[in-house]
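Undergrad: For any residue, its number in our numbering is found by taking its place in the sequence shown, counting from 1, and adding 124. Cβ coordinates follow ideal geometry from the N, Cα and C atoms, glycine included.
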Amino acid sequence: MSDRETWATRVGFILAAVGSAVGLGNIWQFPFKTSTNGGAAFVFVYLLAAFLIGLPAILGEFVVGRRAKRNAIEAFERIDHPAWTVIGALGLFTGMWILSYYSVVGGWVLRYVLGSATGAYFGNPGDYFASVSVGADAVAFHAVFMALTAGIVAFGIEDGIEKATKVMVPSVLAILAGLAVYAFTLDGASAAYGYYLSPDFGYLLDNLGNIVPFAVSQAFFSLSLGMGAMITYSSYIDEDQSLPADGSTIVVLNTFVGLLAGLVVLPLLFVQFGSVPEGASGGGPGALFVSVATAFGNLGMAGRVVGLVFFFVVLIAALSSAISLLEVVTSYVVDKYGYDRKVAAFGFGGVLFLVGTLAAGDTAWLGWFDTIAYKFLLPVSVLLAVYFVGWVLGPVALDELEKGTDDISTFAPAWLWMIRTFVLAAVLATLLLGVNTLYEMPALPSF
Ligand code: PHE
Numbered sequence: 125m126s127d128r129e130t131w132a133t134r135v136g137f138i139l140a141a142v143g144s145a146v147g148l149g150n151i152w153q154f155p156f157k158t159s160t161n162g163g164a165a166f167v168f169v170y171l172l173a174a175f176l177i178g179l180p181a182i183l184g185e186f187v188v189g190r191r192a193k194r195n196a197i198e199a200f201e202r203i204d205h206p207a208w209t210v211i212g213a214l215g216l217f218t219g220m221w222i223l224s225y226y227s228v229v230g231g232w233v234l235r236y237v238l239g240s241a242t243g244a245y246f247g248n249p250g251d252y253f254a255s256v257s258v259g260a261d262a263v264a265f266h267a268v269f270m271a272l273t274a275g276i277v278a279f280g281i282e283d284g285i286e287k288a289t290k291v292m293v294p295s296v297l298a299i300l301a302g303l304a305v306y307a308f309t310l311d312g313a314s315a316a317y318g319y320y321l322s323p324d325f326g327y328l329l330d331n332l333g334n335i336v337p338f339a340v341s342q343a344f345f346s347l348s349l350g351m352g353a354m355i356t357y358s359s360y361i362d363e364d365q366s367l368p369a370d371g372s373t374i375v376v377l378n379t380f381v382g383l384l385a386g387l388v389v390l391p392l393l394f395v396q397f398g399s400v401p402e403g404a405s406g407g408g409p410g411a412l413f414v415s416v417a418t419a420f421g422n423l424g425m426a427g428r429v430v431g432l433v434f435f436f437v438v439l440i441a442a443l444s445s446a447i448s449l450l451e452v453v454t455s456y457v458v459d460k461y462g463y464d465r466k467v468a469a470f471g472f473g474g475v476l477f478l479v480g481t482l483a484a485g486d487t488a489w490l491g492w493f494d495t496i497a498y499k500f501l502l503p504v505s506v507l508l509a510v511y512f513v514g515w516v517l518g519p520v521a522l523d524e525l526e527k528g529t530d531d532i533s534t535f536a537p538a539w540l541w542m543i544r545t546f547v548l549a550a551v552l553a554t555l556l557l558g559v560n561t562l563y564e565m566p567a568l569p570s571f
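Next up, the structure:
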């Protein structure tokens with residue numbers, strides 16, 4: 125066991141975890157959910173959810189991972205609670221479920237990087253999206269995206285994931301900040317800022333039942349919770365590292381990137397459409413691609429450059445998330461069965477590629493996979509994990525949290541108390557509200 129890898133540096137772990145967290149959830153979904161759920165009102169609830177629910181929950185996953193120093197499934201046996209292995213198994217399943225279609229969207233993004241360079245979508249963004257989002261094109265780019273993901277995971281923790289994310293994450297931050305400055309110079313940006321940043325609390329109160337579960341699930345997805353990813357990554361951390369300090373850094377950076385993405389996307393939309401475009405409401409998988417691409421198309425030559433840079437940043441963010449999803453199952457079969465890492469990464473990448481061809485064949489499948497993940501798999505998985513850490517591990521979790529920290533004897537018990545009560549109740553409420561609307565599921569396409 126002594127040859128199990130660890131992160132080379134503390135920053136390496138933080139960047140990898142931020143890389144996992146920052147992804148399509150921040151840059152693709154967050155601005156669109158914001159724009160269709162009342163703007164700043166949604167942002168306000170999201171911030172509360174990220175810090176009051178997401179942060180305690182991510183610390184819970186870190187505690188399990190570092191205590192066990194093992195993959196997300198065997199972790200529960202290692203810490204003497206084999207019956208709870210079900211949490212790891214559900215997380216692993218959820219992660220694979222999500223990766224299968226996440227990679228399809230990653231493929232679209234790759235396609236759009238190329239399309240921006242040539243101006244391919246400028247003439248008619250709607251038709252362009254319809255032609256590349258399904259069928260042979262979509263399958264081919266999905267294959268490339270999955271292969272890139274497996275390629276990085278195959279190199280392992282230090283040489284693959286840590287090295288890659290060390291370059292990727294700072295680049296995402298820098299480029300997005302640059303784009304936000306560019307967006308600021310567009311006429312009409314100020315209308316977007318008003319919508320984005322000053323909450324309408326009346327709207328919030330009227331729509332609480334909708335906004336809250338959306339914002340909470342968005343926080344889970346964005347923080348990569350409930351998929352074994354954070355358990356796996358934290359299993360490679362040393363004992364002298366402070367989990368609360370690292371966890372807070374990760375949540376702050378992840379939230380910051382989401383906000384920054386909104387500062388890029390919303391001005392573009394307002395400049396183009398004068399408000400949030402109708403087509404974006406309902407969200408639909410194509411919202412980002414069609415409406416943002418329309419905005420780029422109308423910026424002329426500048427649009428090519430900005431479009432290229434924008435989709436490139438989305439691509440690297442998506443890739444650094446996808447690797448954390450593939451790492452969950454890879455670490456499991458490497459730890460448990462001694463599989464060769466390369467074989468495992470490409471083998472599972474291949475299987476998930478095949479599953480994802482369903483979503484690449486019909487966006488209705490993609491929407492269906494995504495809805496099941498959001499409304500059901502994620503909240504159930506987070507609920508079990510939070511319950512386990514709070515009520516089953518309890519004092520052991522406290523002990524692990526305190527390792528590597530200076531004195532946190534007031535913070536730690538408050539954390540455990542939050543996990544046991546407020547966080548647990550909030551996750552349960554999110555699950556119930558989400559399941560309650562499962563009947564709104566899009567009909568499944570027939571073969
Ligand atoms: N957090 C990532 C995002 O926002 C998605 C993800 C979820 C990645 C779970 C890994 C694990 O896009």
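(1) Just to confirm my understanding: we take I361, look at its own chain, exclude 5 residues before and 5 after, and list those with CB closer than 6 angstroms. What are they?
(2) Quick one: what does DSSP say S455 is sitting in, helix, strand or coil?
(3) Return the CA-CA distance between Q342 and A553, expressed in angstroms with no decimal places.
(4) Between the alpha carbons of G558 and I543, how many angstroms are there, rounded?
(5) Whole angstroms is fine: what's the gap from V188's alpha carbon to V210's?
(6) Measuring CA to CA, which of P180, L216, T160 is closest to L513?
(7) Can you tell me whether S405 is buried or exposed, with buried defined as 16 or more other CB within 10 angstroms of its CB?
(8) State yes or no: is the C-beta of A313 nearer than 8 angstroms to some heavy atom of ligand 1?
(9) Using a threshold of 9 angstroms, state whether the C-beta atoms of A199 and G219 are closer than that.
(10) Mapping DSSP to helix, strand and coil, what is A132?
(11) May I ask which residues mark the beginning and end of the alpha helix (DSSP H) holding R465?
(12) Going along the chain, which residues of its own chain have a beta-carbon closer than 7 angstroms to the beta-carbon of G403, five neighbours each way excluded?
(13) Check whether the Cβ of S346 sits closer than 8 angstroms to any heavy atom of ligand 1, and report yes or no.
(14) Alpha helix (DSSP H) containing F344: first to last residue?
(15) Distance, Cα to Cα, G421 vs V258?
(16) For the alpha helix (DSSP H) containing V516, name the first residue and the last one.
(17) Quick test of your reading: Y226 and L449, contact by CB under 8 angstroms. State the CB separation rounded to the nearest angstrom.
(18) Name the residue from T242, L482, T289 whose alpha carbon lies nearest to the alpha carbon of S224.
(19) Following the continuous alpha helix (DSSP H) through S314, name the residue where it begins and the one where it ends.
(20) In three-state DSSP terms, what is N422?
(21) In this structure, how does DSSP classify Y306 when only helix, strand and coil are distinguished?
(22) Please state whether the Cβ-Cβ distance between V113 and E451 is less than 9 angstroms.
(23) Mind checking whether F546 and L176 have CB atoms under 9 angstroms apart?
(24) Does the distance from the C-beta atom of S444 to that of N195 stay below 9 angstroms?
(25) Y226: beta carbon under 8 angstroms from a heavy atom of ligand 1?
(26) With respect to 8 angstroms, is the separation between the Cβ of S358 and the closest non-hydrogen atom of ligand 1 below this value?
(27) Can you find at least 3 beta carbon pairs, one from the stretch 424 to 439 and one from the stretch 295 to 310, that sit closer than 8 angstroms?
(28) Taking just the CA atoms, how far does G491 sit from N161?
(29) With a CB to CB cut of under 6 angstroms and the five nearest residues on each side skipped, what residues in its chain are close to L328?
(30) So, with DSSP's three-state summary, where would you put G462?
(31) If you count every other CB in all the chains shown that lies within 10 Å of the CB of L478, and 16 or more means buried, which is it?
(32) Any heavy atom of ligand 1 closer than 8 angstroms to the CB of N150?
(33) How should P249 be labelled, buried or exposed, when 16 other C-beta atoms within 10 angstroms of its C-beta is the threshold for buried?
(34) Measure the CB-CB distance between Y511 and F345 and report whether it falls below 9 angstroms.
(35) Whole alpha helix (DSSP H) runs in the stretch 206 to 264 with 4 or more residues, listed along the chain?
TA: So, from the data block:
(1) The residues F137, R190, in chain order, have a CB closer than 6 angstroms to that of I361 in the same chain once the five nearest residues on each side in sequence are set aside.
(2) Helix, per DSSP.
(3) Between Q342 and A553, the C-alpha separation is close to 14 angstroms.
(4) When rounded, the distance between both Cα atoms is 21 angstroms.
(5) The straight-line gap separating the alpha-carbon atoms of V188 and V210 is approximately 14 angstroms.
(6) According to the sequence as given, residue 513 is Val; it is not Leu. It is P180.
(7) With a pLDDT of 40 at S405, under the threshold of 50, the modelled position of that residue is not reliable, and no figure is offered here.
(8) Checking the Cβ of A313 against ligand 1 gives no.
(9) Not a contact, by the Cβ cut-off of 9 angstroms.
(10) The DSSP-derived three-state label of A132 is coil.
(11) Residue range 465 to 485 is occupied by the alpha helix (DSSP H) that includes R465.
(12) With a pLDDT of only 48 at G403, under the threshold of 50, the placement of this residue in the model should not be trusted, and no figure is reported.
(13) Within the chosen limit of 8 angstroms, ligand 1 reaches the beta carbon of S346 through at least one heavy atom.
(14) Where F344 is concerned, the enclosing alpha helix (DSSP H) stretches over 332 to 346.
(15) Their backbone Cα atoms lie some 22 angstroms apart in a straight line.
(16) That residue, V516, is in no alpha helix (DSSP H); it is neither H nor E in DSSP.
(17) Right, their Cβ atoms sit about 7 angstroms apart.
(18) Among T242, L482, T289, the Cα nearest to that of S224 is on L482.
(19) Run containing S314: 313 to 321, per the alpha helix (DSSP H) assignment.
(20) Residue state, collapsed to three classes: coil.
(21) Reduced to three states, the DSSP call for Y306 is helix.
(22) It is not possible to answer for residue 113, since the shown part of the chain is limited to 125 through 571.
(23) Between F546 and L176, the C-beta gap is smaller than 9 angstroms, which places the two residues in contact.
(24) Contact flag unset, no.
(25) True, at least one ligand heavy atom lies under 8 angstroms from that Cβ.
(26) Remark: the C-beta of S358 is outside contact range of ligand 1, defined as less than 8 angstroms to any heavy atom.
(27) Proximity of the stretch 424 to 439 to the stretch 295 to 310 meets the contact definition, three or more beta-carbon pairs being nearer than 8 angstroms.
(28) C-alpha separation (whole angstroms): 18 angstroms.
(29) Around L328, the same chain offers A165 as residues with beta carbons nearer than 6 angstroms, after the five sequence neighbours per side are excluded.
(30) If DSSP states are grouped into helix, strand and coil, G462 belongs with coil.
(31) Counting the other Cβ atoms within 10 Å of the Cβ of L478 gives fewer than 16, which makes it exposed.
(32) Correct: N150 has its Cβ closer than 8 angstroms to ligand 1.
(33) Residue environment analysis places P249 among the buried positions, since at least 16 neighbouring C-beta atoms fall within 10 angstroms of its C-beta.
(34) The Cβ-Cβ distance between Y511 and F345 does not fall below 9 angstroms.
(35) Here the runs fully enclosed are 209 to 242, 249 to 256.
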